[in-house]
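Engineer: Attaching a single structure in structure tokens format; questions to follow.
Protein chains: 2
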Amino acid sequence: MTNIKDLAKLAGVSVTTVSRVLNEHPYVSETKRVAVLEAIKATNYHKNINAVHLSKGKTLLMGVVLPFTGHPYFASLLKGIARKALEHNYKLVLFQTDYLESRELDALQMLKEKQIDSLIICSRACSMATIEDHLHFGPIVLCENLKREQVSTTFVNHYSVFFEALEYLYRKGHQQIGYCVGRRSGSSSAKREEAYKDFLVKYDLHFKSEYIMDNCLYVEDGEKVIKLMKQMAEPPTALLVTNDQIAAGIVTCAHNEGITIPDDLAIIGFDNQPIAKMMNITTIDIPHEQMGENLFLQAIGEEITHKEIGVNLIERGTV
Amino acid sequence: MTNIKDLAKLAGVSVTTVSRVLNEHPYVSETKRVAVLEAIKATNYHKNINAVHLSKGKTLLMGVVLPFTGHPYFASLLKGIARKALEHNYKLVLFQTDYLESRELDALQMLKEKQIDSLIICSRACSMATIEDHLHFGPIVLCENLKREQVSTTFVNHYSVFFEALEYLYRKGHQQIGYCVGRRSGSSSAKREEAYKDFLVKYDLHFKSEYIMDNCLYVEDGEKVIKLMKQMAEPPTALLVTNDQIAAGIVTCAHNEGITIPDDLAIIGFDNQPIAKMMNITTIDIPHEQMGENLFLQAIGEEITHKEIGVNLIERGTV
DNA sequence: TTGTAAGCGTTATCAG
DNA sequence: CTGATAACGCTTACAA
Chain A
1 MTNIKDLAKL AGVSVTTVSR VLNEHPYVSE TKRVAVLEAI KATNYHKNIN
51 AVHLSKGKTL LMGVVLPFTG HPYFASLLKG IARKALEHNY KLVLFQTDYL
101 ESRELDALQM LKEKQIDSLI ICSRACSMAT IEDHLHFGPI VLCENLKREQ
151 VSTTFVNHYS VFFEALEYLY RKGHQQIGYC VGRRSGSSSA KREEAYKDFL
201 VKYDLHFKSE YIMDNCLYVE DGEKVIKLMK QMAEPPTALL VTNDQIAAGI
251 VTCAHNEGIT IPDDLAIIGF DNQPIAKMMN ITTIDIPHEQ MGENLFLQAI
301 GEEITHKEIG VNLIERGTV
Chain B
1001 MTNIKDLAKL AGVSVTTVSR VLNEHPYVSE TKRVAVLEAI KATNYHKNIN
1051 AVHLSKGKTL LMGVVLPFTG HPYFASLLKG IARKALEHNY KLVLFQTDYL
1101 ESRELDALQM LKEKQIDSLI ICSRACSMAT IEDHLHFGPI VLCENLKREQ
1151 VSTTFVNHYS VFFEALEYLY RKGHQQIGYC VGRRSGSSSA KREEAYKDFL
1201 VKYDLHFKSE YIMDNCLYVE DGEKVIKLMK QMAEPPTALL VTNDQIAAGI
1251 VTCAHNEGIT IPDDLAIIGF DNQPIAKMMN ITTIDIPHEQ MGENLFLQAI
1301 GEEITHKEIG VNLIERGTV
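Order-wise, the sequence lines are chains A and B.
Quick note: the first sequence, position 182, residue 182 per our numbering, numbers continuous.
Start counting at 1 in the second sequence, then tack on 1000, and there's your number in our numbering.
Structural data, given as structure tokens:
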């Protein structure tokens, strides 16, 4: 494997000069430049990037922490991040955590060890204290509604979005409203639960814990939701479903079970995915790719910022 | 940022000794070990991994090239790869190519520059010649039906799988069979087209180019397929759909359009995704995660191997 | 415009 | 068991 020193010898110049043409610095005479270029061709030379990293203390590698890539929510986020990464010449190192804290710690460790320059955590499992402990090794950005001094965030205000959606359903005549989330212990779900309870108080409705359905992630979970509802003495007349995939599963399954939508059951999905359009599902459009882009930009930016992303209700046929 | 030299000074030993305790070598006296360990605690020391990489010439980083992560096929592959990566202490660098050759070249470049030890290409856009040019920089493994001397592969025999599926439909009485693929120019699709044509010849049926529908990737493409079929004078009575998502879209859409399944139209999906089970779609089970695992193992293995993965027809209600 | 030489932080070799 | 010292391959003052 030929290196910069060999090149120098071959071209009859110093390593510095070689480095200069490699990095397109000015102040290299045309003659020498050509000589070096020829040596490069002749030897099929290419840099050892690890040496560059060591020397510069930077890697142009960004870590991305997410529980799984298969879920459309994270896939969209990732798409936005990847787009900006490409533009800015960064590569992405993926950490699929399955919500295991240990995997998140792996990522934090790589930040420590300087193998990645910065870290985007799309969904956090570890404590904020742990995050803060690692902050001085490099920028960490989060995708949640938080406004700490030292951490940039991009987020949707799940509280107000949820509250408004609930009021929308209330105005449409619903008083028994349930909802499905992916992971009730997550920070977004906490905000949603808060909104839900405040909504109930405001309209003097009472809380039924069975109306909150947890662990809904994929289309097939729609079946589970319908089953749960059939077991209820007084099932909800409307459902907020935090992802269109599950909303689609519910709609399909309801159909098989002879439940009419929206008459027997109204549905509002989230994300405005293509499937929602196809199945004419009322949904809340959330620009995930744009969020991903913003996360990336924050991760390479100097200042700490907090960006709230706006959402948009798309009225279709399920309410 | 404290380094190994500082530690040595602090603990009153040589850098070599520090390195030894860091890497858990034997032959270090308990006294010195403890001294070093204490120095590590005291300084909150952590290795600079880039120096390790440079020194060792290895990174424990594996590149993964795929067009997009949102698609369930690639997501499953990635899941399998990630699982094994975790086990073997590798991290993954993601290259989302959108089938752009230039992005694939980025990955190849990183292999050259030793930033990644090896490369898994889940779906190839560049030529085999390009691949072969990079082979001596590190192992490259492919996910396609190919048996070259120097490249390991894990694959499904799309020719025979398709052929058998076609014969299955034929036995069920279908003579007008169409099919949908994601990317007709891909190597798997080429095999499928071959099988399709051979099937037609064998049973003396004639070829209709409109029966091959390209660019079907997501659920929503089901709508497109139904539209296309409605424009045909003589639409197919059965469809092979290379992904369950699209099959699901077709089933849903057909329903809306008053097309009865399987009477008016029979459907076989591919992949055996949960949605297929939920919607009772006959499908061909392909163990993608297992493929991903195998790809990873090949990428870190010494020898070149070629592994064909078996598939399994799941008979349900759409044929 | 060019080159020398000192880092960057480890690991590996080899002699003791 | 221990420690000098030479790699690893590149960047970057600094001097010329």
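All C-beta atoms in this analysis are idealised placements derived from N, C-alpha and C, irrespective of residue type, glycine included.
In whole angstroms, give me the CA-to-CA distance for L1060(B) and I1259(B).
Structural biologist: Rounded to the nearest angstrom, the two C-alpha atoms are 53 Å apart.
Engineer: With distance defined between alpha-carbon atoms, name the residue in H1206(B), K1197(B), Y1159(B) nearest to K1191(B).
Structural biologist: Nearest C-alpha to K1191(B): Y1159(B).
Engineer: So F95(A) is in the beta strand (DSSP E); what residue range does that whole segment cover?
Structural biologist: Segment 91 to 96, the beta strand (DSSP E) holding F95(A).
Engineer: So for M128(A), helix, strand or coil by DSSP?
Structural biologist: Three-state DSSP puts M128(A) in a helix.
Engineer: Among M1232(B), L1022(B), I1268(B), which has the Cα closest to the Cα of Y1045(B)?
Structural biologist: When only C-alpha atoms are compared, the closest one is L1022(B).
Engineer: So which residues of chain B does H53(A) contact, with C-beta pairs closer than 7 Å?
Structural biologist: N1050, listed in chain order.
Engineer: Taking Cβ positions only, does H1088(B) come closer than 7 Å to chain A?
Structural biologist: Chain A contact via Cβ: absent.
Engineer: Measuring CA to CA, which of I275(A), C216(A), Q231(A), K9(A) is closest to E38(A)?
Structural biologist: Of the listed residues, the one whose Cα sits closest to E38(A) is K9(A).
Engineer: How is T2(A) classed by DSSP in three states: helix, strand or coil?
Structural biologist: Residue state, collapsed to three classes: coil.
Engineer: Note down, one range per segment and in chain order, each alpha helix (DSSP H) of at least 4 residues found wholly within the region 1102 to 1151 of chain B.
Structural biologist: As far as the region 1102 to 1151 of chain B is concerned, its whole alpha helix (DSSP H) runs of at least 4 residues are 1128 to 1134.
Engineer: Are the beta-carbon atoms belonging to T153(A) and L142(A) less than 7 Å from one another?
Structural biologist: Yes. Within cutoff.
Engineer: Go to M1159(B), then tell me how far its alpha helix (DSSP H) extends in each direction, as first and last residue.
Structural biologist: For clarity, residue 1159(B) is Tyr in the given sequence; the question names Met instead. Note, Y1159(B): alpha helix (DSSP H), 1158 to 1171.
Engineer: Against H1046(B), what residues of chain A qualify as contacts under a CB-to-CB distance less than 7 Å, listed in chain order?
Structural biologist: What H1046(B) touches in chain A: K112, E113.
Engineer: Below 7 Å on C-beta distance, what does T1069(B) contact in chain A?
Structural biologist: Under the 7 Å cutoff, chain A gives T69, A75, L78.
Engineer: Could you name the residues that DSSP lists as bridge partners for N312(A)?
Structural biologist: Looking at the DSSP assignment, N312(A) forms a beta bridge with D285(A).
Engineer: Just tell me which of K1227(B), Q1150(B), M1062(B), T1283(B) has its CA closest to the CA of V1311(B).
Structural biologist: Among K1227(B), Q1150(B), M1062(B), T1283(B), the Cα nearest to that of V1311(B) belongs to T1283(B).
Engineer: Roughly how many angstroms separate the alpha carbons of H1174(B) and F1155(B), rounded to a whole number?
Structural biologist: Cα-Cα distance, rounded: 28 Å.
Engineer: Using a Cβ-Cβ cut-off of 7 Å (strictly less than) and excluding sequence neighbours within five positions of A1107(B), which residues of its own chain qualify?
Structural biologist: For A1107(B), where only same-chain residues beyond five positions count, the Cβ hits under 7 Å are G1063, V1065, F1095, L1119.
Engineer: In chain A, which residues lie less than 9 Å from M1278(B) when you measure between Cβ atoms?
Structural biologist: Here the neighbours are V219, E220, G222, E223, G249, T252, C253.
Engineer: Please check if any C-beta of chain B sits within less than 7 Å of the C-beta of V93(A).
Structural biologist: Chain B, which has a Cβ nearer than 7 Å to the Cβ of V93(A), makes this yes.
Engineer: By the criterion of Cβ-Cβ separation under 7 Å, what are the contact partners of P1072(B) in chain A?
Structural biologist: By Cβ distance, chain A contributes G70.
Engineer: Anyone know if the C-beta pair for I1040(B) and Q115(A) falls short of 7 Å?
Structural biologist: Going by C-beta atoms, I1040(B) is not nearer than 7 Å to Q115(A).
Engineer: So what does DSSP say about G1249(B), is it helix, strand or coil?
Structural biologist: Helix, per DSSP.
Engineer: Looking at the strands, I want to know which residues DSSP matches up with K307(A).
Structural biologist: Answer is T154(A), bridged to K307(A).
Engineer: Please state whether the Cβ-Cβ distance between A125(A) and Y99(A) is less than 7 Å.
Structural biologist: In this structure, Y99(A) lies closer than 7 Å to A125(A) by Cβ.
Engineer: Ordered along the chain, which non-local residues of its own chain (more than five positions away) have a Cβ less than 7 Å from that of E1210(B)?
Structural biologist: Excluding positions up to five away in sequence, the list reads M1232.
Engineer: Report the residue from Q1298(B), F1207(B), L1217(B), E1104(B) whose alpha carbon sits nearest the alpha carbon of G1182(B).
Structural biologist: For G1182(B), the nearest C-alpha among the options comes from L1217(B).
Engineer: Between Q96(A) and chain B, is the shortest Cβ-Cβ distance under 7 Å, so that the two count as touching?
Structural biologist: Q96(A) counts as touching chain B.
Engineer: Which residues, in chain order, does the region 264 to 276 of chain A contribute to contact with chain B at a C-beta distance below 7 Å?
Structural biologist: Within the region 264 to 276 of chain A, the qualifying residues are P274, I275.
Engineer: Say whether the region 68 to 76 of chain A touches the region 1073 to 1087 of chain B, bearing in mind that this needs 3 or more beta-carbon pairs closer than 8 Å, one atom from each stretch.
Structural biologist: With a cut-off of 8 Å, the region 1073 to 1087 of chain B and the region 68 to 76 of chain A count as touching, because enough Cβ pairs lie within range.
Engineer: In angstroms with no decimal places, state the Cα-to-Cα distance between M1229(B) and E1257(B).
Structural biologist: Cα to Cα, the separation comes out at about 12 Å.
Engineer: Report yes if the C-beta distance between A1247(B) and I1261(B) is below 7 Å; otherwise report no.
Structural biologist: Contact flag unset, no.
Engineer: DSSP has C180(A) in a bridge; who is on the other side?
Structural biologist: Answer by DSSP bridge pairing, in chain order: M213(A), V241(A).
Engineer: Just reading off the alpha helix (DSSP H) that G1222(B) is part of, what are its end residues?
Structural biologist: Start and end: 1221 to 1230.
Engineer: Taking the alpha-carbon positions, what's the L111(A) to D117(A) distance?
Structural biologist: Those two C-alpha atoms are separated by around 6 Å.
Engineer: At a Cβ threshold of 7 Å, is A82(A) touching chain B?
Structural biologist: A82(A) counts as touching chain B.
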